[in-house]
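Protein chains in written order, with the working numbering: chain A, 1 to 236; chain B, 237 to 880; chain C, 881 to 1139. Every residue gets a Cβ at the ideal spot worked out from N, C-alpha and C, and that includes glycine. Remember, it's a predicted structure, so these values are computed and weren't measured experimentally. Data block below; observations after.
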Amino acid sequence: MKQRSSVSIIGIVVTIILGFAVIAGIWLGLRSVGSLGYETNVLQAQKTGPNSATLTISTFPDSHVCHSTEGEPQIDWVSYCPLTSFEVPPNSTITVVIQNYDTATTLVNDYFRQVHGTIGGVEMVNNKPLSQVDVSNVSHTFTLQSTPESSQPIFVSVPVVGVPDDAPANAVTIAGNSYPKPNIISFQFHTGAPETYIWHCYDPCGDTLARKPPYGFSGPMSTTGYMSGTLQVASY
Amino acid sequence: MIQVQARRSNLLNQLFPSVISGLVLGVIGAVVINIIATHLQLADQPANTDAIVVATYVGWVIFFFVGIGAFNGVWKWGFARRDATSAEELAIAGHGQGLWRYFRYTTDHKVVGMQYLATTLVLFFLGSMGAFMIRLEQAVPGAIFFTPSTYNTIVGMHGIMMIVATIIMVSGPFGNFVLPIMIGARDMAFPRLNALSYWLLFAAIPVFLSTLFIGGFPTGWTGYAPLSDQILTPGMDAYCITIILFGISTTVAAMNIVTTVLVLRTKGMTLARLPIFVWGVVLSVILGLTAFPSFIVSQMMVLGDRVFHTSFFIASYGGSNWLYEHLFWFMGHPEVYVVALPAMAAAAEITAVFSRKTIFGRRMLVGSLITICLLSVLVWGHHLYTSGSNTALDGPYMLDTELISIPTGFFFLALIGTFWRGKIWVTVPLLFVVGMLVNFVIGGITGIYLADLPTDEILHGGMFVTAHFHFTLVGSMVVGFFAAFYFWFPKMLGRRLNHSLGVLHFWLFEIGFLGTFIALFYAGLQGEPRWSANVAPSYATANLIASLFAIVIAVSVFTLVYNVVTSVARGELASADEWGGKTLEWTVPTPVPLENFAELPVITSTPYEYGLAEPADEGFGLDAVEVPAQEVSAQPQSQPESGA
Amino acid sequence: MSEANIEGNTGGAAPTRKEPDHIRRVLTIWVVLSIVGIVIWVIVSPYILPPSASDIDSAANFTLVVFTGLSIPVAMFVFVFLGYSLFVFRVKGRPTEDAIPLKPRPGLQIGWMGVTGALCLFLLIWGLSAFYQQTASAAVSPLVVKVTGQQWAWTFNYPQYGASSQGQLIELPVNRPVEFDVTSEDVLHGFAIRALGVRVDANPGEVTTTPITTPTQIGQYSVACVELCGLYHSYMWSTVKVVSASDFSSWIISQGGHP
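Structural data, given as structure tokens:
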């Protein structure tokens, strides 16, 4: 009798361990499936001083530059490049430079045509300071927001001014692809203690058939690596 | 030489038709259709990925069914314009095929019941793994294990797998295996449709799991439009097709069960003498027949929006998301009673057997089940109190929702009265029935909070709702499934489950469950929203406690797995009348022979005649009568009305 | 279920003298446990429920307290009867004989239906009257805040002042009725302020209105999204500060509005 019960205790313990191994296996498996939105790399801002850093990113009207290995439909999606996971130092002034190669889509919410939360309340568009933009002139937005009840709330939003529709489309060549001359947008904000924030675009740039919302917010808008991402404030 | 050839053709006969050939042909068909659909895309427009994906799934389903031999009957008998011979009917019922019959398009209701049981257990296991992932992610604030998009997909997959599992969990395994024996029939009314309903469910599972590889879906189990209309990834199409297949499967099964019970009851089995379990299953499937078409239609409309660019649910083109919500919840509320009624009825059966006492107020109980069935169709609006749609109807919906608590109260009265002054034999099934009743009280009461308008105003869409429906669906109905599982396992598999492990399973599950979901009730009262990938710091403690208790639930699940595996492999053999029950399934031998009864019984009383003064003889009141003149062993059904 | 209810085959024989009056015992245990439970609940409930900051929220919290208090005897009824049966009527191992069948008297069934029906009616009347109070006795000119939900942020507008919110923080004056008109730009969202006791869905193409609520306590509270709306649903939060009327006026001016 004792022998039987000790065997069954071993059996149960082994089953429980195997069970948790199954859970771990499923977790690892899910993380390795790329289409579920994992980005393994992080773009760190270039430190320009003890309390300052610069982050340089671009926005493209397609994914040939940053997601060249993707097939349909992702290859046609608008995209922030090179990555959407950023890291910036704490207690610093961060300068963000966005090179925009994309044309405009009309904003549906006026709120995002204004610049919010930057130092000076302005963004520099091709070296001209602007505090708001016409709703039909906006290509994307870069909107940084806090997680629920974070200890360091942040809200920074800038409209990314669009390239005119009639600009010559092959002024610049990047990685074998032709794009018009970009608008250079830059702005600055402060970071505090280490924290994680999310950011994404609030301009309906998602649907390639240019249909009305919710289609305008589909596709790249909700996908990490394209128009959504995270910003980690951490020391490095 | 001839021997080798015979062996090779033997193997071919075994593999085709079977699930193996179904899978192979299904994959080939899916690939072929995918290639054709991709080439049919218009050159100057972006590819309609959703159309390609939907076409691929349709190809998978059709070729799967060709491969598994579902259409063989059409060729053999339909076009040849003849009925199947009795030998052919026995062959497709799995006669002489050993264990292979479980992997084929077999019509024997016991085989289908076992297939449903295996699938239910697999779905529960996968669903619990998903639940555990969710609890891991919610244990600590901040996204640690999963990105938000993965988390949303896991939440949706956990939801759908569990919903599918709970809908089929009692009616599938036990409604198929036990119910025909309980009414004294040899098989279901439509045996081939029975196989169809199972294999449709089977075919839907790879479709659903494939969503992980095409991007997942962002909507959770409710699939709300217009979020489901956003063309993010084709993963949403997997959800829609799964639901459509599953809806067809349950509709077919429901028609089968209703016809069987109406038409194939043995002599003397009047509706008044029908076991409670049969009432529960029949009422549940009738409710399903009313509700699930709405679900199917809603998903077809979502597919229409995604593939054909219609705008049923897109406001900017004239549609309305309220349409989806009404269609969905018209299914969604009766659906929980589809889950509940068979589990409640099984609990009543089990209570009678283990109290050795007739059900207290049997007719009252049947009446209450019927009332629940009728009322549940009218309450769906309580999911829409805060949606902004039709606030004028909020009052009537509240009235009807509160009213359902009255027949539910009668259910409690019946079971408490059955326990009262019974001779109670505390077995594992009975423990689970007690757990079910305890959890159902809590679940039902918290449902009242949500049914009442002022409290729903502060609780809708929060973790309180999640905890409430877990208390009812899991704490009551899945626990009821466990009770039925431990109860009928000896009859279905011929072995005994280990009693001590069963008790351990019960206590681990109950303690883990109560801890997890009471903590989540607390979080919900504080205002934590549902579907939170990132838990706000103010709810962190409650979520951590819930996750720790979830580990206990996981341990209980693994205990059950161990118990089942070892009992099937080398458990004690069970006797034919394991518990002393009086329903017909305990009068047939274990394992149950192919056509159930040597001679069809004649019924003279209900199966609850415990404790009468005159001594009960074996199989109380069932005088076996020779069925006249026909060759009983060669025909699947020897009753005047022959099944399809 | 008392002795008189038994219409079983006892042949009219009286129960044996030694058998205790189970019904009286179980009802006593039930009453005692219910009273204990209600007392514990009344003491503990202020610690469990979050502080309420508006008239509607206080009423809703009070409803929760009353309903829970009522449900304690109901739950105890089931727990006590089940527990008592399992301890007292249990048989070791497989029973060798059957129990005496019990059938319910019509009086019991009608009484049960009456009690559950009365409870039901009470809940219904309470709920309907609370609903009526919210809608019918609403203030005539509340502060209107227009809320736009979008994947994944709330933006706010005060049309009566021509102001819009800066960042994710808005302010409300204390003791002034406020109403939120909510809409969405893309998919379904759920606009919820737990502390103020209001929530309503944000539907694209429609404007839905929360009940009129009056903040009663100065403090900082959260707005959350309670309808799954995609990737960053759980990050879709804003902060509401309830402040004095003068602080509110200065805030409105700082947002570009006129007082």
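Give the residues of chain C in contact with S591 (chain B), contact being defined as C-beta atoms less than 7 Å apart. At a beta-carbon threshold of 7 Å, the residues of chain C lying near S591 (chain B) are A979, ordered along the chain.
Output needed for P773 (chain B): all residues of its chain with C-beta closer than 6 Å, excluding positions within five of it in sequence on either side, in chain order. P377
DSSP has D1144 (chain C) in a bridge; who is on the other side? Residue numbering for chain C in the displayed model covers 881 to 1139; residue 1144 (chain C) lies beyond these limits and cannot be assessed.
DSSP-derived helix/strand/coil call for I467 (chain B): DSSP places I467 (chain B) in coil when its eight states are reduced to three.
Looking at the structure shown, is D286 (chain B) part of a helix, part of a strand, or coil, going by DSSP? helix
Simplified DSSP assignment, three categories, for H619 (chain B): Of the three classes helix, strand and coil, the one that applies to H619 (chain B) here is helix, per DSSP.
Is there a C-beta anywhere in chain B that falls below 8 Å from the one on N1083 (chain C)? yes
Leaving out five residues on either side along the sequence, give the residues of the same chain with a beta carbon under 8 Å from the beta carbon of L55 (chain A). L43, A45, Q46, F86, V88, I94, T95, V96, V97
Of all Cβ atoms in chain A, is any one closer than 8 Å to the Cβ of F252 (chain B)? no
Which residues in the same chain have their Cβ closer than 8 Å to the Cβ of V1025 (chain C), if we skip the five residues on either side of it in sequence? F1036, N1037, Y1038, I1050, L1052, V1058, E1059, F1060, D1061
Nearest to W515 (chain B) by alpha carbon, out of B:P462, B:L481, B:P416, B:L448? B:P416
Would S222 (chain A) be called buried (16 or more neighbouring beta carbons within 10 Å of its own) or exposed? buried
Can you confirm whether the stretch 151 to 169 of chain A touches the stretch 127 to 143 of chain A when touching is taken to mean that 3 or more C-beta pairs between the two stretches lie within less than 8 Å? yes
Simplified DSSP state of K1215 (chain C), which is helix, strand or coil: Outside the shown range of chain C, which is 881 to 1139, sits residue 1215 (chain C), and nothing can be said about it.
Rounded separation between G997 (chain C) and I684 (chain B) - CA only: 14 Å
Collapsed DSSP secondary structure at S6 (chain A) in the structure displayed: In this structure, S6 (chain A) counts as helix in the three-state DSSP scheme.
Using a C-beta cutoff of 8 Å, does E585 (chain B) count as contacting chain C? no
For the putative contact between L756 (chain B) and A703 (chain B), defined by C-beta atoms under 8 Å, what is the C-beta separation to the nearest angstrom? Yes, they are in contact, since the Cβ atoms of L756 (chain B) and A703 (chain B) sit about 4 Å apart, within 8 Å.
Rounded to whole angstroms, what's the CA-CA distance from V543 (chain B) to W767 (chain B)? Just pull it up for me. 27 Å
Identified DSSP bridge partners for S934 (chain C): DSSP output for S934 (chain C) lists C:P1095 as bridge partner(s).
At the 8 Å Cβ level, is L649 (chain B) part of the contact set with chain C, yes or no? yes
Please list, in chain order, the chain B residues whose beta carbon lies closer than 8 Å to that of E123 (chain A). Neighbours of E123 (chain A) on chain B: none; closest Cβ ~28 Å, over 8 Å.
What are the uninterrupted segments assigned as alpha helix (DSSP H) that are 4 or more residues long and contained completely in the stretch 403 to 444 of chain B, given in chain order? Counting only runs of 4 or more, we get 409 to 418.
I'd like to know whether the C-beta of F60 (chain A) is nearer than 8 Å to at least one C-beta of chain C. no
Residue environment, V7 (chain A), which counts as buried when at least 16 other CB atoms sit within 10 Å: exposed
Going by DSSP, what residue range makes up the alpha helix (DSSP H) through E373 (chain B)? 345 to 374
If you reduce the DSSP assignment to three classes, tell me which class G855 (chain B) lands in. Low confidence applies here, because G855 (chain B) scores a pLDDT of 34, under 50, leaving its location unreliable; read the following figure in that light. DSSP places G855 (chain B) in coil when its eight states are reduced to three.
Considering only the alpha carbon of each residue, which of B:T495, B:A401, B:C476, B:W616 lies closest to I532 (chain B)? B:C476
When you compare the CB positions of F513 (chain B) and E571 (chain B), do they come within less than 8 Å of one another, or not? no
Per DSSP, what are the beta-bridge partners of E561 (chain B) in this structure? Per DSSP, none; premise fails for E561 (chain B).
Rounded separation between F1128 (chain C) and T1063 (chain C) - CA only: 24 Å
Counting contacts by CB-CB distance shorter than 8 Å, is W661 (chain B) in contact with chain C? Taking CB atoms only, W661 (chain B) has a neighbour in chain C less than 8 Å away.
Hey, is A1033 (chain C)'s beta-carbon within less than 8 Å of any beta-carbon in chain A? Yes, contact with chain A.
Would H1138 (chain C) be called buried (16 or more neighbouring beta carbons within 10 Å of its own) or exposed? exposed
From the DSSP output, in three-state form, read off F596 (chain B) for me. Looking at F596 (chain B) - three-state DSSP - the assignment turns out to be coil, as it is neither helix nor strand.
Flag Q132 (chain A) as yes if its beta-carbon sits less than 8 Å from any beta-carbon of chain C, otherwise no. Any Cβ of chain C closer than 8 Å to the Cβ of Q132 (chain A) would place that residue at the interface, and such an atom is absent.
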